[in-house]
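Step one of this worksheet: look at the structure below.
Number of protein chains: 2
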Amino acid sequence: MTSETRRDVFQAIADPTRRKIVDLIAHQRQPMNLKTIADYFNISRPAISQQIKILNECGLVEIRKQGRETFCSIQPQELKKIAEWAGRYSRLWEQRIDAFETYVTKLHAKKNKRNGKSK
Amino acid sequence: MTSETRRDVFQAIADPTRRKIVDLIAHQRQPMNLKTIADYFNISRPAISQQIKILNECGLVEIRKQGRETFCSIQPQELKKIAEWAGRYSRLWEQRIDAFETYVTKLHAKKNKRNGKSK
DNA sequence: CATTCGCGTAAGCATACGCTTACTAATATG
DNA sequence: CATATTAGTAAGCGTATGCTTACGCGAATG
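Line by line, the protein sequences are chains D and A.
Residues are numbered in this note's numbering as their position in the first sequence, beginning at 1, plus a constant of 8.
Residues are numbered in this note's numbering as their position in the second sequence, beginning at 1, plus a constant of 8.
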């Protein structure tokens with residue numbers, strides 16, 4: 009937790025810049041080199057380089073060195089994990105949108121000695 | 009960017025604790041009060057309170073005050089946004105998994121004067 | 001062979017983050 | 001009415017984060 013703070017995918021996409029990088033790369037038909045990517049942003053090239061490194065370590069971006077250039081492309085598998093995590097709950101809850109209303113009403117009705125669940 | 013750093017949904021789910029809270033709440037049939045939630049974790053109740061506040065501000069968790077208790081339940085709409093963002097690209101790229109291979113090969117083949125795309 | 005280009009990384013810095021420990025308020029409970 | 005329970009918030013602190021500038025290195029270019 010001190011030196012080896014391996015970021016996970018969810019942390020990776022938390023940063024707006026990194027998400028924009030993903031957006032940008034994902035829309036390309038061909039891999040982009042780092043310079044081209046950096047030109048789309050107002051921040052410095054090293055900053056982009058660092059962000060892409062993180063995205064790569066998390067498995068979101070694939071990197072291929074070609075001569076002096078670094079080509080990046082999207083690796084969609086990890087994005088899938090995110091989609092599955094978020095999609096699971098949103099689907100789960102679509103079926104019981106009104107569960108809250110029901111429960112609160114019921115709770116209010118008995119209101120006296122419930123909560124007998126201790127720990 | 010100084011005082012009003014409104015977090016977005018992606019930042020909200022970046023923290024493992026917040027994600028566990030979502031996991032926990034989402035699996036309940038009934039809303040949980042804050043104390044009950046906090047008992048599932050090793051960190052202090054105020055810490056949980058703060059995290060839930062963030063989750064609420066981002067629209068991931070719904071809060072209802074009932075007497076002295078605070079009941080929490082999942083609000084799946086924002087999770088849907090995440091699922092859509094991540095799902096879009098993973099689907100998009102499933103169709104061209106091998107686009108990279110193709111491109112790199114082709115690039116290597118011509119290798120001389122490409123990149124004439126400037127900006 | 002000198003120069004340019006694309007790149008990675010280190011150092012430094014301001015700020016954000018997540019937690020803790022108080023403290024206070026408001027609601028149940030005896 | 002005294003006490004316990006549930007909760008929100010402020011203050012403080014160590015660390016993580018994201019950026020900058022500076023530097024060095026290998027690949028293209030003339």
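Backbone N, C-alpha and C define an ideal beta-carbon position, used for all residues, glycine too.
Counting along the chain, A:Q74 sits inside no alpha helix (DSSP H); it lies in the beta strand (DSSP E) bounded by residues 69-74. For D:I90, the chain A residues whose C-beta falls within less than 9 Å of its own C-beta are I21, I90, A91, W93, A94, G95, S98, listed in chain order.
Chain-order list of chain D residues neighbouring A:R27: F18, W93, by C-beta distance under 9 Å. Between D:I33 and D:C80 the beta-carbon gap is near 6 Å, inside 8 Å, which marks them as a contact. Just so you know, the alpha carbons of D:N50 and A:L42 end up roughly 42 Å apart. Look at D:I82 here: in three-state DSSP terms it is strand. A:L87 reaches chain D at W93, A94, G95, R96, Y97, S98, W101, counting residues in chain order whose Cβ is nearer than 9 Å. Distance from the CA of D:Q38 to the CA of A:Y97, rounded to the nearest whole angstrom, comes to 15 Å. The DSSP-derived three-state label of D:N50 is coil. A:R15 is a Cβ neighbour of A:I62, given a cutoff of 8 Å.
Contacts between D:A34 and chain A, judged by CB atoms closer than 9 Å, involve R96, Y97, L100, W101 in chain order. A Cβ of chain D is located within less than 8 Å of the beta carbon of A:V30.
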